[in-house]
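Numbering (the working numbering), first residue to last: 390 to 507.
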């Protein structure tokens, strides 16, 4: 009986870890939202009004994707602090991918744009 009681905390910890696995769509939403914010932050100061309007579409889309990803992650068992930590780690990861050369990023610009209907 003592052995069984000793296993209860371990089972609860394992269950909590599995509960924090967000769906693939939420992972993509978060990655793309972060990527759009990174790229939009580099808009040149002399951008035209047309260019600013396009960038606004992507920053608005980024906010929507991150909000959707946040809701999905919370539904998968993350709490606010856990998600904030996860998001910070993803921001560093996505920044590295956006700034590298080649096509080794998790998602393409086209895949991310499709999430916004653009």
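Backbone N, C-alpha and C fix where the C-beta goes; we use that ideal spot for every residue, glycine too.
Computed from a predicted model, the values in this text were never measured in an experiment.
- 8 Å or more divides the Cβ of residue 504 from the Cβ of residue 458.
- Within the same chain, 447, 487 come within 8 Å of residue 428 by CB-CB distance, once the 5 residues on both sides are set aside.
- Taking a cut-off of 8 Å for Cβ pairs, the region 462-480 and the region 436-454 do not touch, as fewer than three such pairs fall below it.
- If you check the CB distance, residue 424 and residue 462 do not come in under 8 Å.
- In this structure, residue 506 keeps its C-beta atom at 8 Å or more from the C-beta atom of residue 454.
- Here residue 486 carries a helix assignment [DSSP, helix/strand/coil].
- A residue is called buried once 16 or more other Cβ atoms fall within 10 Å of its Cβ, and residue 482, having fewer, is exposed.
- With a contact defined as Cβ atoms closer than 8 Å, residue 417 and residue 496 qualify at about 6 Å.
- Taking all protein chains shown into account, residue 491 has fewer than 16 neighbouring C-beta atoms within 10 Å of its C-beta and is therefore exposed.
- Here residue 450 is buried: its Cβ has 16 or more other Cβ atoms, across all protein chains shown, within 10 Å.
- Assignment of residue 450 by DSSP, reduced to helix, strand and coil, places it in the helix class.
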